[in-house]
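Positions 70 to 373 (this note's numbering) are the ones given, in order, by the sequence shown.
The structure appears right after this line, and notes come after that.
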Amino acid sequence: MSLIKISQLSKENILLLFNYTKKYIKSPKPNVFIKLMFKDLQLENKILVTAFFEPSTRTQLSFESAMLRLGGKVLRFNKENSSIKKGETFTDTIKTLENYGDILVIRHSENGILDTISNITHKPVINGGDGSGEHPTQALLDLFCIWLKFGNDFVNKTIVLYGDCSNSRTIASLSKLLDLFNIKYYYLAYPGRYKINNYSNIALEYLKDINPDVIYCTRMQNERTEGCNIPRDMIINQEFIEKHISNEKIKNNEFLLLHPLPRNEEIDSSIDKMLYSGYFKAMDYSVYLRSMIICFMLNNTFDL
Ligand code: NCD
70 MSLIKISQLS KENILLLFNY TKKYIKSPKP NVFIKLMFKD LQLENKILVT
120 AFFEPSTRTQ LSFESAMLRL GGKVLRFNKE NSSIKKGETF TDTIKTLENY
170 GDILVIRHSE NGILDTISNI THKPVINGGD GSGEHPTQAL LDLFCIWLKF
220 GNDFVNKTIV LYGDCSNSRT IASLSKLLDL FNIKYYYLAY PGRYKINNYS
270 NIALEYLKDI NPDVIYCTRM QNERTEGCNI PRDMIINQEF IEKHISNEKI
320 KNNEFLLLHP LPRNEEIDSS IDKMLYSGYF KAMDYSVYLR SMIICFMLNN
370 TFDL
């Protein structure tokens, strides 16, 4: 009933979600499409509650925008002026929120806490990110972008998960999705941010040999462990692309650079407009994909 981690999803569920989302994006009358696909949902009577105990721009706003575009309503919980300030427990807060909405999107800094939350409430909960644990809807968006670019051949692509491989929850969730679809991937980490106990860590000098189709870049998660600087040669800019990515792939538009955002210095803004830079376009898709996730959850389309 709740969407907390990637292991709850099947390939069939995910491909269904992607196909519906693509149709929704292409539909000349998106609202009519939703009404047709989800006849009994009555979205105008549904309320989405967002409760973010950790900062967010994209995840919170895209879920809220998605619900509003679907014709539903949104309630935003703000911990700063809530009864948490009077000592109310987290559990009591969630028990309260469930009375005011039909579906909850929650983000929290504690790994695994969303499992506990989904057991406290009867309402469906979507994990908007739990510490360095998981961020399933972001990973679905990332895989959706890969699927949209490469079509059914996406399963034959090679992905490099790049950056803060030990702390990024989006890398954690995306790697699980890649495992599910049996897609080949490697980790290329900033110093000290390796995927521990994993043999697919590679060094920068081998990137060209790996010949990746996708680099999934992440920022240094300084809020989780003490920060360190990104080596200059790991900052992705024009020179980096020319040095490490096959010319052929760039020329034929067969390479994709993704990032969940926010970014710091790890991707130079001078390459934002390149055909291979997919991170801003992903934000546009995120509203469609999250609209579809809301509909699937309220309609019990996922077998969760
Ligand atoms: C990510 C997150 O919060 O985990 N951002 C997002 O949801 N788009 C990535 C990050 O914070 O680095």
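Ideal Cβ placement from N, Cα and C applies to all residues, glycine included.
Bear in mind that the values here come from a model prediction, so they are computed numbers and not experimental data.
Quiz item: Between which two residues does the beta strand (DSSP E) carrying His177 extend?
Solution: Ile172 to His177
Quiz item: Counting along the chain, where does the beta strand (DSSP E) carrying Ala272 start and finish?
Solution: Taken as a continuous stretch (DSSP letters only), Ala272 belongs to no beta strand (DSSP E), as it is neither H nor E.
Quiz prompt | Whole-angstrom C-beta distance between Gly197 and Thr128, which should lie under 8 Å | solution = 5 Å
Practice problem: Check whether the segment 347-355 touches the segment 202-214, counting contact only when three or more Cβ pairs, one atom from each stretch, lie closer than 8 Å. | Solution: yes
Exercise. Check the DSSP bridge columns for Arg145 and list the partner residues they point to.
Key: Thr119
Quiz prompt | N- and C-terminal bounds of the beta strand (DSSP E) containing Val283 | solution = Val283 to Cys286
Exercise. Confirm the yes/no value for this check: CB of Pro281, any heavy atom of ligand 1, distance under 6 Å.
Key: no
Quiz prompt | Selection from Phe250, Ser315, Cys297 and Asn266 that minimises the alpha carbon distance to Tyr275 | solution = Ser315
Exercise. Consider the C-beta atom of His328 and the heavy atoms of ligand 1; say whether any pair is separated by less than 6 Å.
Key: no
Quiz item: At a cut of 8 Å, does the segment 223-240 reach the segment 276-286 through at least three beta carbon pairs?
Solution: yes
Quiz item: Span of the alpha helix (DSSP H) holding Leu212?
Solution: Pro205 to Phe219
Quiz item: Between Thr61 and the rest of its own chain, which residues show a CB-CB distance below 7 Å, the 5 nearest in sequence each way excluded?
Solution: Lying outside 70 to 373, the shown extent of the chain, residue 61 is not represented and no answer is given.
Self-check item: Stretch pair the segment 184-201 + the segment 248-264: three plus CB contacts closer than 8 Å
Solution: no
Exercise. Please report the residue range of the alpha helix (DSSP H) in which Asp199 lies.
Key: Counting along the chain, Asp199 falls outside any alpha helix (DSSP H), though it belongs to the beta strand (DSSP E) covering Val194 to Asp199.
Quiz prompt | Start-end ranges of the alpha helix (DSSP H) lying completely within the segment 282-326, minimum 4 residues | solution = 307-313 and 316-320
Quiz item: Is the beta carbon of Gly198 within less than 6 Å of some heavy atom of ligand 1?
Solution: yes
Quiz item: Span of the beta strand (DSSP E) holding Leu257?
Solution: Lys253 to Ala258
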